[in-house]
Amino acid sequence: MRFVLVVALAGLTSACVSQDKFRQKESEAEQLKARSAELESSLASRQAELEKERLRSRELQGRVDELATSKSTLESAKAELEKKSAEYERMASALRGQIDAGRIELTELRGKMTVKMKDKILFSSGSATLGKEGKDALAAVAEVLRGVQGKVIRVEGHTDNVPLGRGPFATNWDLSAARALAVVRYMQEAGVDPTRLAAAGYGEFQPIAANDTPEGRSLNRRIEIVLAAGDAGGSTPPAPAR
33 MRFVLVVALA GLTSACVSQD KFRQKESEAE QLKARSAELE SSLASRQAEL
83 EKERLRSREL QGRVDELATS KSTLESAKAE LEKKSAEYER MASALRGQID
133 AGRIELTELR GKMTVKMKDK ILFSSGSATL GKEGKDALAA VAEVLRGVQG
183 KVIRVEGHTD NVPLGRGPFA TNWDLSAARA LAVVRYMQEA GVDPTRLAAA
233 GYGEFQPIAA NDTPEGRSLN RRIEIVLAAG DAGGSTPPAP AR
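Numbering (the numbering used here), first residue to last: 33 to 274.
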């Protein structure tokens, strides 16, 4: 009887131990399941973040490509604008001495060439009478312009905004127009086709620099000889492009 009781107790103890182990394994399984779910959630979150980064990377690359395209387009446009014509090169070569001496500045933009000359080279203060240095510089320009075909040669007079004192001209507008006409007359006398010549006075109203410094006012006091597309025979010159 005692043996049976011992066996029964042993069996009961074994059953309890097996049940505890089962519960322990069951708990471990639940923990593993929870951990697995946590890892899956973390993995899904990482994958979502990775996808966002990929999208962001593609967007950034798209912007980089757009900027590269825009840069290439701008560089092409700039090169086209800065491309010099054969006529420009011819004039620049012929006027090299005057350009190097600082008497003349030659530019070309979109097929329009401009010969810019400071007023102090051409005229004394408040005067529209050409001086010797101015005539010498204009003679070189006129020699080149005599060979120009298919262009209107527009002489533009410009001043600063300082009011004139006593003198033959009431306003800067009058002075700028008189100076432009003086240059036109000189170039006609030098052999430039008068049917291609025109004069315009802009006074102080087309500045290229601020008038609040001596340097700026000096830049604004100028004569510009503009070569623009046009036909001979009295055609109206085009309005200046600024």
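The beta-carbon is built from N, C-alpha and C at its ideal position, and this holds for glycine as well. As the structure is a computational prediction, the values presented were derived from the model and not from experiment.
DSSP places Lys-183 in the uninterrupted beta strand (DSSP E) bounded by 183 to 190.
Taking all protein chains shown into account, Phe-155 has 16 or more neighbouring C-beta atoms within 10 Å of its C-beta and is therefore buried.
Contact check for Ile-185 against Leu-229 passes: the beta carbons are separated by less than 8 Å. Secondary structure at Lys-152: helix, using DSSP grouped into helix, strand and coil. Between the C-alpha atoms of Lys-183 and Thr-227 there is a straight-line separation of about 10 Å. Following the DSSP letters along the chain, one finds Arg-254 inside the beta strand (DSSP E) bounded by residues 254 to 261.
Listed as beta-bridge partners of Thr-139 by DSSP are Thr-146.
Rounded to whole angstroms, the separation of the alpha carbons of Asp-244 and Asp-168 is 31 Å. Excluding sequence positions up to five before and after Gly-235, its CB lies within less than 7 Å of the CB of Thr-191, Thr-203, Asn-204, Trp-205, Ser-208, all in the same chain and listed in chain order. The distance from the Cβ of Leu-259 to that of Lys-144 is about 7 Å, consistent with a contact at the 8 Å cut-off. In the structure shown, Leu-92 falls within a helical segment according to DSSP collapsed to helix, strand and coil. Here the C-alpha atom of Arg-254 lies approximately 8 Å from the C-alpha atom of Lys-152. Cβ-Cβ separation between Val-215 and Val-180: approximately 16 Å, too far for a contact (criterion under 8 Å). Note that the C-beta distance between Val-147 and Val-173 is below 8 Å. Per DSSP, Leu-229 is one residue of the beta strand (DSSP E) stretching across 229 to 233.
By the Cβ-count criterion, Glu-85 is exposed, with fewer than 16 other Cβ atoms from all chains shown falling within 10 Å of its own Cβ.
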